[in-house]
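Residue numbers (my numbering): 977 to 1692. Just below is one structure, and these are the notes that go with it.
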Ligand code: SF4
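Here it is as structure tokens:
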């Protein structure tokens, strides 16, 4: 590699895209410019490998569109933005937030963050949002991707936190991937799985309506009817319980609710289930037997489960399948949600999702008290229960309940369902602030103020990956222009609020980490990081929580090789519920999706391509990635296309009850005849059409399913 020859220094950090958590070295030339990226050979997660996004990650530092100065204007669209200095910008922002709150009430200002910040930044933003601004309406865009997993884990196990790890691939004897296409979503996790399969053969079963890359690689592909996962799960449990294949000892010792589940799944015999979910009855029986008879079996899942009208139930169903077969907390036996963003877990642990830091919840008075005392504020300042999620904040803007909004590294004009509605909603705001590394994100068009933030490796702190591994992010280069680390922006804005004078905000991310350690201490808390430090995390190439105070001393070679942490949760079968038992919950299937009909005869499915990340605010700027995936497209079955007289690579209009978009067709057998598939990354495309009905528990949108029709477009 020519670029490598220019490198005079390699700096260690963690990849800033997906939740896999790969360790990288960024190569700097003699002038300090990032010119190359390499995988770190001694990192447990990626062992020197990188996916295509990681390989070109150094290009991000010089990508176009970075913001250099804070920008302000009176009226969006009408006035030009004017550059200003940070003091003026933060003074104005602080006074605007307080003006809105004083006029319309404390909860009339909302904050939506992201899964992209560093964990110390989430903790600091949580402190600012809950302790100083005091609005109850604070959420993360993780509601669009991981809220169902959080909700499902809490309902089954009493707490969030994926119980398994990648090493489970090396021990499992059967793996079901539910709506998860690892080769495109999480290529390095796919590589780990492939390596495990090359060493030791075990059945890989993929449940997905589309013939994804992972499905092509699987022993069994179950092309399920969209939205019917619960039917298949119930039917698998029906067979397992009817044939006596369950682990009765585990059920009796560690769970409660089996009678209710038994009663529920009686209705889902394979013949009945097959007619709803489209998987033949023999396959259902075979899969149930393979899973239950395996010495250790695991399930992984991603958005195919979470982004559904019953996403939380789907997660509970997977957990129940694992609980009744005794597959939680043992090597190769687990229930592992694969998260999306690099630090989706960080926001779950320390910020918006749980309401209060360290998986504490606002509803519990003892949790409110603990945090209020620790921060030194009046407990009454906290609301008594969680406020609106991201998906409920936008309707609340429509009704005038919310007047001001602060978006931190999130881009709803591309990411949220029903673009036309989001556009109208943003136009109603009195005050919209965008904080992002890039000034040209689509949503900035609607903003009164823009704050330029540093990109991930211009800052210091941690990410938590999918398997609860805390990785260190080291600063590789200085922030560009006058952009600032989000950590600095949060702590400086805090000074503009009365409580910001009382609450201590540490000056450095490491200082914030020390506070987080104090707050995580306690025998019963799974999220205990009290034995970690930034330096130990770096030396160890990541540590899996919990890692408690005193554990370091028990590791003989910790000084030379670092420590691993704890790779699995619930190894003793004791869960985070009041009585320590996991909940088995009956899940009757109610079909509440928008389904195809005569007017809109196709399912529309959406997902990722390997070259892009989320709304392309970063990858869309990198020539080497755009070269491979420059434009949106729609996969369509060749028979369906022929029936409508549609040619491969011609343009069509995809139309739903919400709107339409024009897109190029790729004919392929990957999708069944009654389905089309579109990557979700592109602006003014899939989300002009998507519906986004919400899961009642998690409030996550059902991006994966809606009904559409396809119209030919005049090619002139
Ligand atoms: Fe980065 Fe994810 Fe690719 Fe690893 S798999 S290099 S974490 S984008």
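Cβ coordinates follow ideal geometry from the N, Cα and C atoms, glycine included. Being a predicted model, the structure only gives us computed values, none of them experimental.
Relative to the Cα of residue 1578, the nearest Cα in the group 1630, 1171, 1523 and 1231 belongs to 1630. With fewer than 16 other beta carbons inside 10 angstroms of its own, residue 1008 counts as exposed. Per DSSP, the continuous alpha helix (DSSP H) segment holding residue 1322 begins and ends at 1320-1326. For residue 1128, the enclosing alpha helix (DSSP H) has its first and last residue at 1123-1133. Bridge pairing for residue 1197: 1182 [DSSP]. In this structure, DSSP gives residue 1640 an extended state, which the three-state scheme calls strand. DSSP places residue 1424 in no beta strand (DSSP E); its state is neither H nor E. Here DSSP, grouped into helix, strand and coil, assigns residue 1600 to helix.
Collapsing the DSSP output to three states places residue 1438 in a strand. For residue 1154, the closest alpha carbon among the candidates 1174, 1185 and 1130 is that of 1185.
Considering only 1304, 1215 and 1294, the residue with the shortest C-alpha distance to residue 1543 is 1304.
In this structure, 1256 is the residue among 1174, 1256 and 1222 with its C-alpha nearest to the C-alpha of residue 1201. Residue 1108 and residue 1561 do not touch by the CB rule: their CB atoms are close to 38 angstroms apart, not below 8 angstroms. The residue among 1103, 1321, 1127 and 1148 with its C-alpha nearest the C-alpha of residue 1441 is 1321. When the five nearest sequence neighbours on each side are left out, the beta carbons in the same chain lying within less than 7 angstroms of the beta carbon of residue 1469 are those of 1066, 1069, 1070 and 1104, in order along the chain.
Residues 1128, 1131, 1132, 1561 and 1563 of the same chain have their beta carbon placed closer than 7 angstroms to that of residue 1292, with the five preceding and five following residues left out of the count. Cα atoms of residue 1492 and residue 1505: separation of roughly 8 angstroms, rounded to the nearest angstrom. Linking residue 1436 to residue 1336 through their CA atoms gives a straight-line distance of about 25 angstroms. Under the three-state reduction of DSSP output, residue 1480 falls in the coil class, being neither helix nor strand.
Comparing C-alpha distances from residue 1138 to each of 1678, 1122, 1457 and 1556 shows the shortest one belongs to 1122. Within the chosen limit of 7 angstroms, the ligand SF4 does not reach the beta carbon of residue 1655 with any heavy atom. With contacts defined as CB atoms closer than 8 angstroms, residue 1391 and residue 1098 fail to qualify as a contacting pair. Apart from sequence neighbours up to five positions away, the residues of its chain that approach residue 1280 with a beta-carbon distance below 7 angstroms are 1154, 1155, 1156, 1184 and 1680, ordered along the chain.
Per the coordinates, the alpha-carbon of residue 1592 lies some 24 angstroms from the alpha-carbon of residue 1465.
Remark: the shortest separation between the CB of residue 1314 and any heavy atom of the ligand SF4 does not fall under 7 angstroms. Contact fails between the stretch 1375-1383 and the stretch 1575-1589, because fewer than three Cβ pairs, one in each stretch, are under 8 angstroms apart. Remark: the shortest separation between the CB of residue 1029 and any heavy atom of the ligand SF4 falls under 7 angstroms. Between residue 1268 and residue 1301, the gap from beta carbon to beta carbon is short of 8 angstroms. Sequence-distant Cβ neighbours of residue 1332 in its own chain, meaning closer than 8 angstroms and more than five residues away, are 1102, 1106, 1338, 1343, 1344, 1347 and 1358. Distance check between residue 1460 and each of 1495, 1670 and 1413 places 1413 closest, using alpha-carbon atoms only. As a beta-bridge residue in DSSP terms, residue 1317 pairs with 994.
Here the alpha carbons of residue 1454 and residue 1649 stand approximately 51 angstroms from one another.
Residue environment for residue 1001: buried (at least 16 other C-beta atoms within 10 angstroms of its C-beta).
Note on geometry: alpha-carbon atoms of residue 1653 and residue 1178 lie some 30 angstroms from one another. A heavy atom of the ligand SF4 is found nearer than 7 angstroms to the CB of residue 996. Nearest neighbour of residue 1013 by Cα position, chosen from 1040, 1020, 984 and 995, turns out to be 984.
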